[in-house]
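2 protein chains.
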Amino acid sequence: MGLDEEGTAPVQPLGDMPNQEFRVNGEWVLDWIARYLEDPDRYPVLAPVSPGEIRARLPAEAPEKGEPMETILRDYEDLILPGITHWNHPAFFAYFSITGSGPGILGEMLASALNVNAMVWRSSPAGTELEEVTAAWLRDLLGLPHSFEGVINDTASSSSLYAMAAAREAKLPQASATGLSGFPRGRFYASDQAHSSIDKAAITLGFGREGLKRVASDETFRLRPDALRAAIEEDLEAGIQPLGIVATLGTTSTTSVDPIQEVASVAEEFRLWLHVDAAYGGPAAMVPELRPLFSGWERADSIVVNPHKWLFTPIDCSVLYVRDPEQLKRAFSLTPDYLKTSEEGVARNLMDYGQALGRRFRALKLWFVLRYFGAEGIRKRILQHVEMARELAAWVDREPDWERVAPVPFSTVVFRFAPEGSAGEDQDRWNAAIMDRVNATGEVFLSHTVLRGRLCLRIALGNLKTRRAHLEKSWQLLREAAGGLAPSAPGD
Amino acid sequence: MGLDEEGTAPVQPLGDMPNQEFRVNGEWVLDWIARYLEDPDRYPVLAPVSPGEIRARLPAEAPEKGEPMETILRDYEDLILPGITHWNHPAFFAYFSITGSGPGILGEMLASALNVNAMVWRSSPAGTELEEVTAAWLRDLLGLPHSFEGVINDTASSSSLYAMAAAREAKLPQASATGLSGFPRGRFYASDQAHSSIDKAAITLGFGREGLKRVASDETFRLRPDALRAAIEEDLEAGIQPLGIVATLGTTSTTSVDPIQEVASVAEEFRLWLHVDAAYGGPAAMVPELRPLFSGWERADSIVVNPHKWLFTPIDCSVLYVRDPEQLKRAFSLTPDYLKTSEEGVARNLMDYGQALGRRFRALKLWFVLRYFGAEGIRKRILQHVEMARELAAWVDREPDWERVAPVPFSTVVFRFAPEGSAGEDQDRWNAAIMDRVNATGEVFLSHTVLRGRLCLRIALGNLKTRRAHLEKSWQLLREAAGGLAPSAPGD
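Taken in order, these protein sequences are the chains called A and B.
Here the first sequence stands for residues 1 to 492, numbered as in our numbering.
Here the second sequence stands for residues 1001 to 1492, numbered as in our numbering.
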C-alpha cells in the first residue's frame, strides 16, 4: 500500500500474516487436506484417546509471543489430530454419516476469506440472494411447492426452534408482547422417536419439558395419528393450549417415517402448526423412488432439511422452509436503528427470520455442491447409499443370531445381536460389548440407540467415500466381536 | 481403495470430487484467496448492486447434470463477487469492523475438511478439549478468574440467549418442567443502548418484548444504576419477577461502557443473574491500558466475548463464559439414548450447554489465531486500532462543523455533521446524504446509528489491514461530501 509514509506520528501497521507466509502455509494446508481426502482410511475412525488426554498435551496458557505457523501446523498434526474422531472417514457409521465434500470444502475456504456477515441485505447482497436462490433450487429438487421459502441456519436445532417460535406466535400472538405468564399452558406434540432438539426448543420457548407431549409410536416407530388426536383432545379438555405438531421424516434412532398425510389432517383439523423434521431424510425426496415417503409434507407449515447431513455440504448448513415467512418474521423481527437500511421493503434482511444476527455465508458451499454434483449426481449418490443399506439389511436378515429391529426406508440399519432363547438383559450387555470391541479396532465407528428398552446398534450411511467393502468389513468385525459372547452364538 | 472388486452385484462408487481435481481447483482457490488478502482494496467495499440484481443473474433452477468446478469458480468471480460487501476490506468501517485473518482462514480450511461435529466428547475429543483449552487461554488473557468456564457458540445472539436461559432457570427452576404459564411475568433489565439480540432472547425465552426493560442511559450512553434500581423496585412492587441484568461493555451504537461495578452491586443486592455483553469490547481487556474499563466484570455470572469481532477470527466464533456451568447445563441438558456415551461424568459433552446440538470445530481457528499472533501481538494490534480511533476523534474535534457525539473508549468513533445554528432535522438529512455519498464511492463503508433521536455516523476500526491512510481518505471523503450541503459549511 505505502500510503502511510507521510504525515506526523505515522502508526506502523502490525497487520495480518504476510502474504507470502499465507501462501506457503496455505500450500501445506491444501496439500494436507488433499492427502486427507485421498485416504482418510489411514486414521482410526474413533479417536483412540481417553478423556483429558488431548488437554493434557496442551500448554495451560496462551503464548506471550507469536509462534511460526509451521510450528502450529506441526502441533495440529501431532497433538490435535490423534484426538479427532473422523466424521469424514468412509467407515464413520455413527449418528448420521456425513460428507465434507471437495466442492463444499472449496466453498468454505472462499467464505472464510470473504468473512461476510449476511445479517442485512446491504451487508451482503450476494450472501442474501444466493441464500434465496440455493434454498429455492433445493426446494424445487425436493418437489416442494413454490409457496415455501427457505432460510439457511446453522443447525436443525435452530431451525426447529425458529419454526416452533413461529407456531407459538401463530397461536399466542399476544404473548410476544407480554410473555407467556398470563396464558394457559402450551403444548407441542411429537412421537416418542422425535429428536431431543424438539424438547430443547419447547423448554427454550418457555413451555418447559412438559411443553412437548411425546406421543406413542407404532411397531415400526411411526407416530400414531390416533394417539396424537387423543393427546390433543385430552389437553383441550384440560385447558392446555395445543401449539403445534412436529412430524419426523427420518427419525434419529431408526429413520422411521411418520404418516405425514394423516398427521397433516390432524394438524388441519385442530388448526395447529405442522413442523416437519426432515433434517436427515429430506434430501432423499430428490430421488423419484423415495419421493413417495414424503407424500403430504407439502401440507406442513415448516420443514427443516440439513444439507450438512445427507447432502455432502460441510457443517453447518440447515435449511428451514416456511410457507408463510411473514409468520416467522413476526416472531423475530425487531430492527434497531443501527441496522435500519434504505433497502427495507425491497430486499430481505435475513436477520429477521431467527434469533441469530450474525450469519456466515453458508449458501456458497451449498451452491458449489448442488452445481458440482448436479441433481442427477446427487440422486444417484443418495440412491447408492440406500442400496448399500438395503444390502446390509439383507445380510443381517440372513443371520439367525442377529435381528433387524426396524425397516430401512433410507440409509440407516438398526439391528442387534439376539441369539434365540437368550435374555434381553444379556443381549443388551453383549451388544454394548460388541459395539465397544468393534469401535476399538479403529476400522469402523458405529453408535447405538435404545428401542423399547433394548440396546440396538446402528449403521448409518452417508459418506461419499463409503464403499461396499467398508460395509463388508464392518459386518465381519461385528460377527467376530459377537463370537463366543453367547453360548449359542457361532464364532466368526 | 480397490476393495470392492469381488462379490456379486458390486456397487460402483460414485464418490466425491476426484483427488486430482480437488488439488487443481484448491490451488486456484488458494491463489485467489492469497491475491484477495494481498489487496482487497481493489474491490468497492460496499457492493454496488441493487436488490434483486444478483438473483437475476442466476438460473432459476439447479443444473440437472454436474458442472465442472472451473465453471463454478468462474461464476463465483463473475456473478457472486460483484454482490459482495467486503467485510475483510481495510476500509470497512460499518457495524463492527472484523478480520478473517490468515491463521484463522487456515484453521477454517482444516476444520471444513475434518468436518467434525463436537456435540459429545466422543464425537470429537480434540474438538471438545481444544474448545476448553482455548476458552481458558482467552479467559486468562482477559484477566477473568478461573471460576469462569467457556463454551464456544456461533454468535453472541446465541450466547446471550443461553445465558438468559440460565438466568431464567436460576430464578424460576420449576418453569423448566411446566413452562412459564403459572408464574408471574418475568423481566430482564438492560440499558436503552443494549443490543437487539437481548430483546430477541427475552422474546424467544417466552417473556415477550416487555420481558426486557430498557433502562435509561446517562449523557455518555452508560446504563444509569439509579434508574436500574428504580426499575427493579417498581417491578417488584407490581408483582413482576426480576430475572437478570444485562450490562454491556462496548455497546453497538457508541461502544459505551456500562458502570459495571455499580451494576454488579445492584445485581447482588437483588440476587439477579448478571450477564455481560462484551461481544465487541471484550478482547480489549487483554490490553493493560484498557483493562480498567472492565473492572468489576469478574462479578458477573456470565460474559460473552466474540473472537469473530475484534479478535481476528473468521465468523462465527462467540465464547460464553459462565461462573457456574452447571446452571447453564440445567437449562439445556437432556440426553437422548442415542447420544448417551460411556464418558458421561468424566468428560464434557458440549451439546449440554446450549440449544444447538451440531457444533462446528470453531476452537481450531481460535487456537491458530491466539498462537500465531501471541498475546503480545494481539494486544499491540488492538491498541493500534484504539490509537487510530483516537486520532480520528481528534480530527473530528478540530472541525467546527462536525461534532463528536460520544466518548471513544475503544476503536469506534461516532460523530455527525452539525454546523452551528442549523436545525436538527436538516442535520439528519445532511448526515444521511453524506453517508450515502461516501459509501457510493466504494472506497469506504460506514454505517449510522440514531442517538437521542439524531442520526449519527460511525467509523468502527477492527480490520488488521486498516492503515492510517484509509482513515485519512475516509475523513477527506466525508468532508468533501458535506461540502455545500449547509450554507455555513466549508467546502473540501
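Beta carbons are placed, not taken as given, at the ideal position from N, Cα and C, and that holds for glycine.
I need the straight-line Cα distance from residue i to residue j, nearest angstrom please.
i, j, result
"A/A166", "A/A331", "6 angstroms"
"B/A1264", "B/A1156", "21 angstroms"
"A/E38", "B/L1478", "53 angstroms"
"A/P283", "A/F312", "10 angstroms"
"B/S1342", "B/R1299", "36 angstroms"
"B/Y1162", "B/R1168", "10 angstroms"
"A/L457", "B/E1262", "56 angstroms"
"A/W297", "A/N306", "16 angstroms"
"B/E1523", "B/S1411", "Beyond the ends of chain B as shown, which are 1001 and 1492, falls residue 1523 of chain B; an answer cannot be given."
"A/I382", "A/G462", "8 angstroms"
"A/E108", "B/P1314", "11 angstroms"
"B/W1273", "B/V1322", "11 angstroms"
"B/A1238", "B/L1180", "18 angstroms"
"A/L73", "B/F1221", "44 angstroms"
"B/P1044", "B/L1079", "15 angstroms"
"A/L106", "B/N1025", "8 angstroms"
"B/Y1036", "A/N19", "10 angstroms"
"A/S97", "A/I303", "21 angstroms"
"B/A1194", "B/R1185", "21 angstroms"
Using a cut-off of 7 angstroms between C-beta atoms, extract the partners of residue i located in chain A.
i, result
"B/Y1036", "A113"
"B/A1165", "T204"
"B/G1083", "P125, A126, E129"
Within 10 angstroms of its Cβ, does residue i collect 16 or more other Cβ (buried), or is it exposed?
i, result
"B/R1371", "buried"
"A/M17", "buried"
"A/H146", "exposed"
"B/G1491", "Because the pLDDT at B/G1491 is just 44, under 50, the model does not fix this residue reliably, and the value given afterwards should be weighed accordingly. Exposed is the call here."
"B/R1379", "buried"
"B/T1071", "exposed"
"B/V1396", "buried"
"B/L1236", "exposed"
"B/P1292", "exposed"
"A/P59", "exposed"
"A/D31", "exposed"
"A/L334", "exposed"
Run down chain B in chain order and give the residues with a C-beta less than 7 angstroms from the C-beta of residue i.
i, result
"A/V49", "P1125"
"A/E108", "E1108, S1112"
"A/F22", "A1034, L1037, G1102"
For a contact defined as C-beta to C-beta under 9 angstroms, what are the partners of residue i on chain A?
i, result
"B/K1065", "G374, A375, E376, G377"
"B/V1346", "S50, P51, G52"
"B/I1098", "N115, N117"
"B/E1210", "A177, T178, G179"
"B/E1061", "A136, W137, D140, L141, A375"
"B/V1133", "I54, R55, L58, P59, A60"
"B/K1329", "Those within 9 angstroms of B/K1329 in chain A number zero; the least Cβ separation is about 12 angstroms."
Who are residue i's beta bridge partners in DSSP?
i, result
"B/Q1241", "B/G1186"
"A/A247", "A/V276"
"B/T1412", "B/A1460"
"A/I152", "A/V319"
"B/A1303", "The residue asked about is misnamed: residue 1303 of chain B is Ile in this sequence, not Ala. Answer is B/V1276, B/Y1321, bridged to B/I1303."
"A/E344", "A/A347"
"B/V1450", "B/L1455"
"A/F92", "A/F445"
"B/S1191", "B/V1215"
"B/E1326", "Looking at the DSSP assignment, B/E1326 forms no beta bridge with any residue, so it has no partner."
"B/W1402", "B/F1417"
"B/L1223", "B/S1217"
Interface residues of chain B around residue i at Cβ under 8 angstroms?
i, result
"A/R151", "The sequence given here places Val at residue 151 of chain A; Arg does not occur at that position. The contacting residues do not exist; A/V151 stays about 15 angstroms from chain B at best."
"A/R437", "In chain order: nothing, as chain B lies at least about 13 angstroms away."
"A/S157", "Q1355, A1356, L1357, G1358"
"A/E27", "L1030"
Residue i versus chain B: which residues are under 9 angstroms apart at the beta carbon?
i, result
"A/W87", "L1114, N1115, V1116, N1117, S1123, S1124"
Give a yes or no on contact between the region 37 to 55 of chain A and the region 1351 to 1360 of chain B, applying the rule of three or more CB pairs nearer than 8 angstroms.
no
Could you tell me whether the region 118 to 136 of chain A touches the region 52 to 72 of chain A, using the rule of 3 or more Cβ pairs below 8 angstroms?
no
Pairing CB atoms from the region 1171 to 1178 of chain B with CB atoms from the region 1239 to 1249 of chain B, are three or more of them under 8 angstroms?
yes
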